[in-house]
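Have a look at the structure below before the remarks.
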Amino acid sequence: MTQPHKTIAVVNATGRQAASLIRVASAVGYSVRAQIHSLKGLIADELQSLPNVTLLQGPLLGNVQLMDALFKGASLAFINTTSQSGDEVAIGRALADAAKRSGSITHYIYSSMPDHSVHGPWPAVPQWAPKFTVENYIRQLGLPATFVYAGIYNNNFTSLPYPLFQMEVLEDGSFEWHAPFDAETQLPWLDAEHDVGPTLLQIFKDGPKKWHGHRIALTFETLSPNQVCAAFERALGRPCRYVRVPKIEIKVNVPTGYREQLEALEVLFGDFNAPYFPQPEFSQPAAGSPKGLGPAGGKGAGAGMMQGPGGVVSQRVTDEARHLWQGWRDMEEYAREVFPVEEEANGLDWML
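Okay, structure coming up:
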């Protein structure tokens, strides 16, 4: 079966969310026009080899000509701005203006995040709050838009000494994860490379008539840090222990601005144990939530409400994503099937 010949405009093509969509969209016959910062690297090489994919190389900040070319004739758009590209608010607004100016975009999906300072006595997270500002601008502009909120990527885990998600291999072969999260607090998770693309395609298929103005959590399960380690232990047959620490351990040089991001996360989740998604709609049941999809913590048991940061978290956090894409990969599957492959690709050999 062939899909209608539609073009999807995408930015930051080598990012996990964008690349996931490009792979799936190309495979089922959509045309993709994607902005990319550099044509060098493994992911860039892969994207250049895909059918129906056109890459536009160049920066986003101040590049009106590239933005106009990106949206020309495209009917759909998936936009995930990043702070690494420059002033994220300026870029996000300019992209929305260009999409509006094109006159051809019928559905605009923006990857947003919350500004916690709006919802409680919590700090704004530097790399999240600008996305919320851009979301509000898109709403004011009147684009037919949907806003997706990504949970924590399973793919963040590595045994390399990177901050916050190092799954450290100890001398006895066991794993240990150090982070400031409460050990029993439920956090939202997804396998970004596997599950973002199919979910976004279904949102596009449903269209703005169903999803205009909605916020959708890109989250397929909620797990506490202790449950994450239990999933790794089952998957890899090695002990895995979670250790809560007050400060995020920084063992390597981090990009400019990222230290401030980590410090805000320490306060938000370490000191306040704030909800990851503080918006009211994520703590209320969704109208017509699908039944029988299992609990947020796994694919097997009964549904209901679950205890999370700041109180009770609605089943809605996972229901909508699971309804959109039922082939999602859980943490145990990720740890068993993907984590060792990614580790070996990074030059590590513990799995051998």
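Read the sequence shown against full-length UniProt numbering and you will find it ends at 352, with the numbers running on by one and no gaps.
Glycine is no exception: its CB is placed at the ideal position from the N, C-alpha and C atoms.
Short Cβ contact (8 Å threshold) for A274 with P225 = Numbered from its first residue, the sequence shown carries residue 274 at position 274. Numbered from its first residue, the sequence shown carries residue 225 at position 225. It is not a contact, given that the beta carbons lie outside the stated cut-off.
C-beta contact flag for P278 and P144 at 8 Å = Start at 1 with the first residue of the sequence shown, and residue 278 comes out as number 278. Start at 1 with the first residue of the sequence shown, and residue 144 comes out as number 144. Contact flag unset, no.
key: Those runs of the beta strand (DSSP E) which lie wholly inside the segment 140–183 and span at least 3 residues   = 145–150, 167–169, 175–179
query = With which residues is E221 paired in a DSSP beta bridge?
reply = Within the sequence shown, the letter at position 221 stands for residue 221. In the DSSP output, where bridge partners are listed per residue, E221 has W189.
key: Own chain partners of Q307 with C-beta closer than 7 Å, once the 5 adjacent residues on each side are dropped   = Reading the sequence shown from its first residue, position 307 is the one you call residue 307. Unreliable placement is indicated for Q307, whose pLDDT of 42 sits below 50; the coordinate value is still reported in the next sentence. Hits under 7 Å: Q186.
request  = Go through its chain and collect everything with a Cβ distance to R139's Cβ below 8 Å, but skip five positions before and after it.
outcome  = Residue numbering aside, residue 139 sits at position 139 when the sequence shown is read from its first letter. Setting aside the 5 residues that flank it on each side, R139 is surrounded in the same chain by A145, G213, each with a C-beta closer than 8 Å to its C-beta; the list follows chain order.
ask   = What is the DSSP secondary structure of A18, reduced to helix, strand or coil?
value = The count along the sequence shown starts at 1 and reaches residue 18 at position 18. In this structure, A18 counts as helix in the three-state DSSP scheme.
ask   = Beta-carbon separation of P248 and L268 under 8 Å?
value = The count along the sequence shown starts at 1 and reaches residue 248 at position 248. The count along the sequence shown starts at 1 and reaches residue 268 at position 268. The sequence given here places Ile at residue 248; Pro does not occur at that position. Taking 8 Å as the Cβ cut-off, I248 and L268 do not qualify as a contacting pair.
inquiry  = Within a Cβ cutoff of 6 Å, which residues of the same chain sit near Y242, ignoring the five residues on either side of it in sequence?
reply    = Counting from 1 along the sequence shown, the entry for residue 242 is found at position 242. Correct list, in chain order: W177, A183, P225, N226, C229.
inquiry  = According to DSSP, simplified to helix, strand and coil, what is V312?
reply    = For the purposes of this step, residue 312 is taken as residue 312 along the sequence shown, with counting starting at 1. No answer about V312 holds up, because its pLDDT of 42 lies below 50 and its placement is not dependable.
request  = Work out the CA separation of E333 and W325 for me, nearest whole Å.
outcome  = Sequence index remark: in the sequence shown, residue 325 carries index 325 (1-based). Sequence index remark: in the sequence shown, residue 333 carries index 333 (1-based). Between W325 and E333, the C-alpha separation is close to 16 Å.
ask   = Taking the C-alpha atoms as reference points, what is the distance between D191 and G62?
value = Start at 1 with the first residue of the sequence shown, and residue 191 comes out as number 191. Start at 1 with the first residue of the sequence shown, and residue 62 comes out as number 62. For D191 and G62, the distance between alpha carbons rounds to 32 Å.
inquiry  = Between which two residues does the alpha helix (DSSP H) holding R259 run?
reply    = Counting from 1 along the sequence shown, the entry for residue 259 is found at position 259. Where R259 is concerned, the enclosing alpha helix (DSSP H) stretches over 258–265.
key: S111, DSSP secondary structure in three states   = Within the sequence shown, residue 111 is the residue found at index 111, counting from 1. Strand at S111.
query = At least one CB of chain D closer than 8 Å to the CB of R244: is that the case?
reply = Of the chains in the structure shown, none is chain D; there is only one protein chain.
query = Using the beta-carbon count (16 or more within 10 Å), is D45 buried or exposed?
reply = Here residue 45 refers to the residue found at position 45 when the sequence shown is read from its first residue. The residue is exposed, with fewer than 16 neighbouring Cβ atoms inside 10 Å.
Span of the beta strand (DSSP E) around Y334 = Taking the sequence shown and counting its residues from 1, the one referred to as residue 334 is at position 334. No beta strand (DSSP E) holds Y334; the alpha helix (DSSP H) holding it covers 331–337.
task = Please work out which residues of its chain come closer than 6 Å, Cβ to Cβ, to L39, disregarding the five sequence neighbours upstream and downstream, and give them in chain order.
result = Numbered from 1 along the sequence shown, position 39 holds the residue referred to as residue 39. Taken in chain order, the residues that qualify are Q57.
query = Could you give the distance in angstroms between the alpha-carbon of A286 and the alpha-carbon of L218?
reply = Taking the first residue of the sequence shown as 1, we reach residue 286 at position 286. Taking the first residue of the sequence shown as 1, we reach residue 218 at position 218. Any reading at A286 needs caution, since the residue's pLDDT is 46, under 50, leaving its predicted position unreliable; the model's value is listed next. Each residue's alpha carbon lies about 14 Å from the other.
ask   = Going straight from the alpha carbon of N12 to that of F220, what length do you get?
value = The residue labelled residue 12 in the question sits at position 12 within the sequence shown. The residue labelled residue 220 in the question sits at position 220 within the sequence shown. If I take the Cα positions, the gap works out to 24 Å.
inquiry  = Helix, strand or coil, according to DSSP, for A124 in the structure here?
reply    = As a first step, residue 124 is located in the sequence shown; it is residue number 124 there, counting from the start. Looking at A124 - three-state DSSP - the assignment turns out to be coil, as it is neither helix nor strand.
request  = Report yes if the C-beta of T185 is less than 7 Å from at least one heavy atom of the ligand ZN; otherwise report no.
outcome  = The ligand ZN is not among the ligands present in this structure, which contains no ligands whatsoever.
inquiry  = So, under 8 Å CB-CB, I216 and A321 are touching, yes? Tell me the CB distance rounded to an integer number of Å.
reply    = By one-based count along the sequence shown, residue 216 stands at place 216. By one-based count along the sequence shown, residue 321 stands at place 321. Correct: roughly 7 Å between the Cβ atoms.
ask   = Just to confirm, are R33 and T7 a CB contact at a threshold of 8 Å?
value = In the sequence shown, the residue the question calls residue 33 occupies position 33. In the sequence shown, the residue the question calls residue 7 occupies position 7. Yes; because the gap between Cβ atoms is below 8 Å, this pair is in contact.
key: Simplified DSSP assignment, three categories, for I105   = Working through the sequence shown from its first residue, we reach residue 105 at position 105. Three-state DSSP puts I105 in coil, outside helix and strand.
query = Using DSSP with H/G/I as helix, E/B as strand and the rest coil, what is A13?
reply = The residue you call residue 13 lines up with position 13 of the sequence shown. In the three-state scheme derived from DSSP, where H, G and I count as helix and E and B as strand, A13 is classed as coil.
key: Nearest-angstrom Cα separation, counted from V53 out to A335   = By 1-based counting over the sequence shown, the position of residue 335 is 335. By 1-based counting over the sequence shown, the position of residue 53 is 53. About 31 Å.
request  = Could you give the DSSP three-state label for L66: helix, strand or coil?
outcome  = As a first step, residue 66 must be located in the sequence shown, where it is residue number 66. Of the three classes helix, strand and coil, the one that applies to L66 here is helix, per DSSP.
Contact check, A179 vs V125, beta carbons under 8 Å = Residue mapping note: residue 179 aligns to position 179 of the sequence shown, counting from 1. Residue mapping note: residue 125 aligns to position 125 of the sequence shown, counting from 1. When the beta-carbon positions are compared, A179 and V125 stay at least 8 Å from each other.
query = alpha helix (DSSP H) containing L42: first to last residue?
reply = The residue given as residue 42 occupies position 42 in the sequence shown. First-last of the alpha helix (DSSP H) with L42: 42–49.
ask   = Given a threshold of 16 other Cβ atoms within 10 Å of its Cβ, counted over all protein chains shown, does K131 qualify as buried or as exposed?
value = Residue 131 sits at position 131 when you count from the first residue of the sequence shown. By the 10 Å Cβ count, K131 comes out buried.
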